[in-house]
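See structure below.
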Amino acid sequence: EENVPAAMQHHSWRSALGSIGGGNHFAELQQVDRIVDADSFALSGLQKTQLLLLVHSGSRGLGQAILRRHVEAFSHNGLPEDSDDARRYLAEHDDALAFARSNRALIARRILQQLRAEGEPRLDVAHNFVEPCTVAGEAGWLHRKGATPDGQGLVIIPGSRGDYSWLVKPVVSEESLFSLAHGAGRKWMRTECKDRLSAKFTPRQLCRTGMGSRVICRDRQLIYEEAPQAYKSIDSVVDCLADAGLITPVACLRPVLTLKTSGEKSA
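Take the position in the sequence shown, starting the count at 1, then add 241; the result is the number in my numbering.
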């Protein structure tokens, strides 16, 4: 079972384990383009001469299913934190996070096997989750949706498939709710991308980016939705975070090969 953790062997979502998913999820081989904070990079355990593998994927619908059951039962009302319902929800929440970690690890392992390469995990950071938190002396629960935590060491802020990603060192900040942007963010709605781009680019042309990297994507609609033109410049996002004192940029990462899928479950 490909070294799948015992807890996941008989999971109800086992068939989805090891699949990237649709939307903006991807796996990408990257090379270190330049280092701007040598000391922090040295502590990361990464090597400039080696390719990096970045996997952006989650619980493959498990988290969404948990949310749907919760909303059906309780609408959008909160739960008392000391209630059985809250404890049950948090247990399911933690299971989804564990599933997502196992999913990313299996995706990475499968890709490395296909490349006949070896690698070691260096970072694993979630950006959709809830955790206890104290802000301005008040204890509560911090809900992150598309927000990277700033208290787990170095993190990567990805750009589009035709742009750089950045390895950064967060600066812990209560004012920003201990959170950072988790990516470049979209400029265009998904529904408008194909109309904007199909007269200029064929799907085949979009499989090669302006940076010379390659994209593998079997979904002809998705390759337009995820075109680099649909996203903000990653440098502008990183510059804003740095100017706000929320990060220190460490290294710029250049895409080499990006793998995207249409979201089917694996066998």
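Quick reminder that beta carbons are idealized off the backbone N, C-alpha and C, glycines included.
Which residues DSSP lists as bridging residue i, in chain order
| i | result |
| --- | --- |
| L494 | V273 and S406 |
| S420 | P390 |
| F370 | R385 |
| R427 | Y472 |
| V478 | Note: V478 sits in no beta bridge, so no partner. |
| R449 | R455 |
| H297 | F267 |
| L500 | A268 and I457 |
| V376 | E379 |
| I398 | W407 |
| I488 | P411 |
Neighbourhood of residue i by C-beta distance below 8 Å, restricted to the same chain and skipping five residues each side
| i | result |
| --- | --- |
| V491 | I276, V277, D278, S281, F282, S285, L395, W407, L408, V409 and K410 |
| I229 | With the chain represented from 242 up to 508, any question about residue 229 goes unanswered, as that position is not in the structure. |
| H251 | none |
| L494 | Q271, Q272, V273, D274, L293, L295, I397, Y405, S406, W407 and L408 |
| P362 | A346 and A349 |
| E359 | L353 |
| S417 | D391, A485 and L487 |
Residues of its chain near residue i, where Cβ-Cβ distance is below 6 Å and the 5 sequence neighbours each way are ignored
| i | result |
| --- | --- |
| I464 | P444, L447 and C458 |
| L320 | D326 and A327 |
| I475 | G400, D404, Y405 and A425 |
| A248 | none |
| G504 | Because the pLDDT at G504 is just 49, under 50, the model does not fix this residue reliably, and the value given afterwards should be weighed accordingly. So the list reads G262 and G263, once near-sequence residues are dropped. |
Candidates the options: closest to residue i by CA position
| i | options | result |
| --- | --- | --- |
| R461 | K473, L438 and S454 | L438 |
| L498 | I352, P246, G302 and Q288 | I352 |
| P496 | K473, L482 and T450 | T450 |
| T502 | S253, K441 and G264 | G264 |
| K428 | E466, R342, D365 and G302 | E466 |
| S343 | V245, A483 and E372 | V245 |
| G471 | S454, A247, F442 and C434 | It should be noted that the sequence gives Ala, not Gly, for residue 471. If we check each option's Cα against that of A471, C434 comes out closest. |
| A377 | S414, S316, D436 and L331 | S414 |
| T489 | P469, T432, F442 and D391 | D391 |
| L500 | V478, P469, R455 and G486 | R455 |
| R402 | A440, E379, A468 and R385 | A468 |
| L308 | H334, Q291, L287 and R301 | H334 |
| L364 | V478, E379 and T389 | T389 |
Same chain, Cβ closer than 7 Å to residue i, neighbours up to 5 away in sequence not counted
| i | result |
| --- | --- |
| G387 | H368, N369 and H423 |
| H311 | Y330 |
| G381 | C374 |
| L303 | W254, A337 and F340 |
| A306 | none |
- Message: Between the segment 322–342 and the segment 272–289, can you find at least three pairs of beta-carbon atoms closer than 8 Å?
- Response: For the pair of segments examined, the segment 272–289 was found not to touch the segment 322–342: the number of CB pairs separated by less than 8 Å stays below three.
- Task: Could you tell me whether the segment 293–304 touches the segment 254–271, where touching means 3 or more Cβ pairs closer than 8 Å?
- Result: A contact is defined here as three or more CB-CB pairs under 8 Å, and the segment 293–304 meets this definition with respect to the segment 254–271.
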